[in-house]
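>
2 protein chains.
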Amino acid sequence: MHPLDEAIALKPGAPDEFTGATHPAYANMVGPFGGTTAAQLLQAAWLHPSRLGEPVALTVNFAAPVAEGEIRFLARVARTNRSTQHWIIEAHQSAEIVATATAVFALRRETWSAGEAVMPSGLPDPASLPRMPALGPIRWPQSYDMRFIEGAFPEAFDGQEQEHSRSCLWVRDEPGRPMDFASLAAMCDSFFPRIYVRRRRRTPIGTVSLTTFFHADSSLLAQVGTRHVLGVAKALNFRHGYFDQTGEIWSPEGQLLASTHQLVYFKD
Amino acid sequence: MHPLDEAIALKPGAPDEFTGATHPAYANMVGPFGGTTAAQLLQAAWLHPSRLGEPVALTVNFAAPVAEGEIRFLARVARTNRSTQHWIIEAHQSAEIVATATAVFALRRETWSAGEAVMPSGLPDPASLPRMPALGPIRWPQSYDMRFIEGAFPEAFDGQEQEHSRSCLWVRDEPGRPMDFASLAAMCDSFFPRIYVRRRRRTPIGTVSLTTFFHADSSLLAQVGTRHVLGVAKALNFRHGYFDQTGEIWSPEGQLLASTHQLVYFKD
Numbered sequence: 001m002h003p004l005d006e007a008i009a010l011k012p013g014a015p016d017e018f019t020g021a022t023h024p025a026y027a028n029m030v031g032p033f034g035g036t037t038a039a040q041l042l043q044a045a046w047l048h049p050s051r052l053g054e055p056v057a058l059t060v061n062f063a064a065p066v067a068e069g070e071i072r073f074l075a076r077v078a079r080t081n082r083s084t085q086h087w088i089i090e091a092h093q094s095a096e097i098v099a100t101a102t103a104v105f106a107l108r109r110e111t112w113s114a115g116e117a118v119m120p121s122g123l124p125d126p127a128s129l130p131r132m133p134a135l136g137p138i139r140w141p142q143s144y145d146m147r148f149i150e151g152a153f154p155e156a157f158d159g160q161e162q163e164h165s166r167s168c169l170w171v172r173d174e175p176g177r178p179m180d181f182a183s184l185a186a187m188c189d190s191f192f193p194r195i196y197v198r199r200r201r202r203t204p205i206g207t208v209s210l211t212t213f214f215h216a217d218s219s220l221l222a223q224v225g226t227r228h229v230l231g232v233a234k235a236l237n238f239r240h241g242y243f244d245q246t247g248e249i250w251s252p253e254g255q256l257l258a259s260t261h262q263l264v265y266f267k268d
Numbered sequence: 001m002h003p004l005d006e007a008i009a010l011k012p013g014a015p016d017e018f019t020g021a022t023h024p025a026y027a028n029m030v031g032p033f034g035g036t037t038a039a040q041l042l043q044a045a046w047l048h049p050s051r052l053g054e055p056v057a058l059t060v061n062f063a064a065p066v067a068e069g070e071i072r073f074l075a076r077v078a079r080t081n082r083s084t085q086h087w088i089i090e091a092h093q094s095a096e097i098v099a100t101a102t103a104v105f106a107l108r109r110e111t112w113s114a115g116e117a118v119m120p121s122g123l124p125d126p127a128s129l130p131r132m133p134a135l136g137p138i139r140w141p142q143s144y145d146m147r148f149i150e151g152a153f154p155e156a157f158d159g160q161e162q163e164h165s166r167s168c169l170w171v172r173d174e175p176g177r178p179m180d181f182a183s184l185a186a187m188c189d190s191f192f193p194r195i196y197v198r199r200r201r202r203t204p205i206g207t208v209s210l211t212t213f214f215h216a217d218s219s220l221l222a223q224v225g226t227r228h229v230l231g232v233a234k235a236l237n238f239r240h241g242y243f244d245q246t247g248e249i250w251s252p253e254g255q256l257l258a259s260t261h262q263l264v265y266f267k268d
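So the protein lines, in turn, are chains H and L. The numbering of the first sequence is our numbering, which starts it at 1 and goes up by one. The numbering of the second sequence is our numbering, which starts it at 1 and goes up by one.
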């Protein structure tokens, strides 16, 4: 079983309740990688017997550090319409909320479709780029195969402020795993904090809010299979302890799979 | 009293409960302008006796059409930390949920700060541009003073597909009103649907999810006063009944006040 599938394995309990746990393959410096928590919150709605359709929007608010161990998920249908469904999901540890989420699921239909943003072109193949080496003892980045074209995790925190914080990389689950909504939801949190790229200076950070829009349905995701996808990320603004981070995930064929936006706390 | 202040006037009831109503100055084709609903949801947390700090992130999911008349708001603190606070907010009509929201509030501090995105420059002054005329019987756009530089509401729905859906405009509340979080939250939903700009073709649309990150604190917002701010908007992708819409709101001095992202349903 793939570590991500182990990480999102939730056990149903009372109605609307599921139990999961943190997974060592997705451990962060303190507690779990937020992407896995996001995927677990989404999975609680995905596994719910009342689910309609597939996710189109997910917002996760990280309310407190998640401790290693068991997490209790509460997934409640706020409203079901003919083709859309609204969810409120909570993650609890020791009777306290550690994360909240809302999700919109929908039945998608064929319509006029068009891209407007365009995937960067003329990029080297993933196979021609080196895989990012391990980040010391931090485990979760090793659960991804990341091959940076621009804006890698700084080799040294030398305090040399950069002109921008843009990154561009090929990324996939490691070991390989067919792309699906859980993988995509987690991957949308896999961009390193923009402030590290911009400032090359260590500062405590923590994502407070993460929104992902899923532009792809499950059949488009299935076409990606286990190949690398292209991730691009940037920030718009850093001010008074918070910065934003915007990312896009593109299929190898240039289809936008997800766009994602997060607001991140930083200490100084 | 300004119409927006009337629209966001909520009456406290039982603990965590507030009652408000739709306002004729913000009527949309059917039901109210979503920006006002977003501002009301935010206001329920803002007015709550347990509130800590100021909003940094707001996500509103529009679950069903809001009917004209009374709306009951439920604002619940999910978690309060030393410098952040997490909210789950619901809007009810006739015992059904019509919208859900989550919000993150925070005490902001002075830190290293830097812009990364840059406001478009060399733009004409608002006073040198014509105000957008009324959109037939639809009331809410008349509660804004909008002066388009690019990507105006199409003069004709002639079906001429455009190369892109970008808009750039000066906008303020009409009548003038000092900028604050309520005004900014509502204004972030005031960009017309990107699909109208792109396709110049009518199709039923409806925002399902709207996320706004507030990059400004109340003192920076106060500096804006009643002047126009610059709005820019674009879409990344239109596919299978949903498109995204990204916007930025800039102060006249070029400070990013908010970035906003929504996912919008379209029929065909």
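The beta carbon of each residue, even a glycine, is placed where N, CA and C say it ideally should be.
1) From this set, H/I205, H/F181, H/Q255, H/D217, which residue's C-alpha is nearest H/A38's C-alpha?
2) I'd like to check one pair, H/P12 with H/L47: are the Cβ atoms closer than 8 Å?
3) Does the distance from the CB of H/E248 to the CB of H/L236 come in under 8 Å?
4) Measuring CA to CA, which of L/Q142, L/S128, L/A127 is closest to L/A134?
5) Measure the CB-CB distance between H/L74 and H/E90 and report whether it falls below 8 Å.
6) Here's the rule: buried if 16 or more other CB atoms are within 10 angstroms of the residue's CB, otherwise exposed. What is L/A85?
7) Let me know the secondary structure DSSP gives H/S113 once reduced to three states.
8) Would you kindly work out how many angstroms separate the C-alpha atoms of L/Q40 and H/F62, rounded to a whole number?
9) Residues of the stretch 133-163 of chain L with a CB closer than 7 Å to any CB of chain H: list them in chain order, please.
10) Answer with yes or no whether the minimum CB distance from H/S259 to chain L is below 8 Å.
11) Using a Cβ-Cβ cut-off of less than 7 Å, list which residues of the stretch 20-46 of chain H approach chain L; keep chain order.
12) State buried or exposed for L/D268, treating a residue as buried only when at least 16 other CB atoms are found within 10 Å of its CB.
13) Got a sec, what are the start and stop residues for the alpha helix (DSSP H) H/I8 sits in?
14) Applying a beta-carbon distance threshold of less than 8 Å, which residues of chain L neighbour H/S209?
15) Nearest CA to the CA of L/F153: which residue from L/S190, L/L10, L/G206, L/H261?
16) Is L/L51 close to chain H, meaning its C-beta is less than 8 Å from at least one C-beta of that chain?
17) Quick one: residues in its chain with C-beta nearer than 7 Å to the C-beta of H/A126, no 5 flanking neighbours on either side, listed in chain order?
18) What does a CB cutoff of less than 8 Å around L/V66 pick up in its chain, not counting 5 residues either side in sequence?
19) Check for me: the beta strand (DSSP E) holding H/R200 runs from which residue to which?
20) Report the residue from L/S167, L/V208, L/F214 whose alpha carbon sits nearest the alpha carbon of L/Q262.
21) Would you identify the three-state DSSP class for L/T22, choosing helix, strand or coil?
22) Am I right that H/A106 and H/S83 are in contact with their C-beta atoms under 8 Å? What's the rounded C-beta distance?
23) Closer than 7 Å, Cβ to Cβ, to anything on chain H: give me those residues from the stretch 59-85 of chain L, in chain order.
24) Anything in the stretch 218-252 of chain L with a Cβ closer than 9 Å to a Cβ of chain H? List those residues in chain order, please.
25) Enumerated in chain order, which unbroken segments of the beta strand (DSSP E) with a length of 3 residues or greater are wholly contained in the stretch 236-263 of chain L?
26) Quick one: residues in its chain with C-beta nearer than 8 Å to the C-beta of L/Y242, no 5 flanking neighbours on either side, listed in chain order?
27) Just reading off the alpha helix (DSSP H) that L/M187 is part of, what are its end residues?
28) Could you pull out every residue in the same chain whose Cβ sits closer than 8 Å to the Cβ of L/A156, ignoring the five residues on either side in sequence?
29) Can you find a CB in chain L that lies within less than 8 Å of the CB of H/I88?
30) What are the boundary residues of the alpha helix (DSSP H) that includes L/V30?
31) L/I8 touches chain H at which residues, Cβ-Cβ below 9 Å?
32) Considering Cα atoms alone, identify which of L/G176, L/W112, L/A258, L/V77 is closest to L/L184.
33) Note down, in chain order, all residues in the stretch 105-124 of chain L with a beta-carbon under 8 Å from any beta-carbon belonging to chain H.
34) Helix, strand or coil: how does DSSP classify L/P154 here?
35) In whole angstroms, what is the alpha-carbon distance linking L/D16 and L/D5?
36) Can you grab the Cα-Cα spacing for the pair H/Q43 / H/R109, in whole Å?
For this structure:
1) H/F181
2) yes
3) no
4) L/Q142
5) yes
6) According to the sequence provided, residue 85 of chain L is Gln. The question's Ala does not apply to it. Under this definition L/Q85 is a buried residue.
7) coil
8) 23 Å
9) none
10) yes
11) none
12) exposed
13) Where H/I8 is concerned, there is no enclosing alpha helix (DSSP H), given that its DSSP letter is neither H nor E.
14) V56, A57, T59, T102, V104, T211, F213
15) L/S190
16) The sequence shown places Arg at residue 51 of chain L, rather than the Leu named in the question. No, no contact with chain H.
17) This sequence places Pro at residue 126 of chain H; Ala is not what is there. Excluding residues within five positions, the ones whose Cβ falls inside 7 Å are R147, W170, H228.
18) T22, G31, P32, T37, A91, Q93, V98, A99
19) H/R200 -> no beta strand (DSSP E), and no H or E assigned at all.
20) L/V208
21) coil
22) 6 Å
23) T59, N61, A63, A64, A78, R79, N81, T84
24) L220, K234, A235, L236, N237, F238, R239, H240, G241, Y242, F243, D244, T246, E248
25) 237-239, 242-250
26) V208, L263, V264, Y265, F266
27) 181-187
28) R200
29) yes
30) Here L/V30 belongs to no alpha helix (DSSP H), and DSSP marks it neither H nor E.
31) Ordered by position in chain H, no residue passes the 9 Å Cβ test against L/I8, which lies about 21 Å from the chain.
32) L/A258
33) A106, R108, R109, E110, T111, W112, S113, A114, G115, E116, A117
34) coil
35) 20 Å
36) 23 Å
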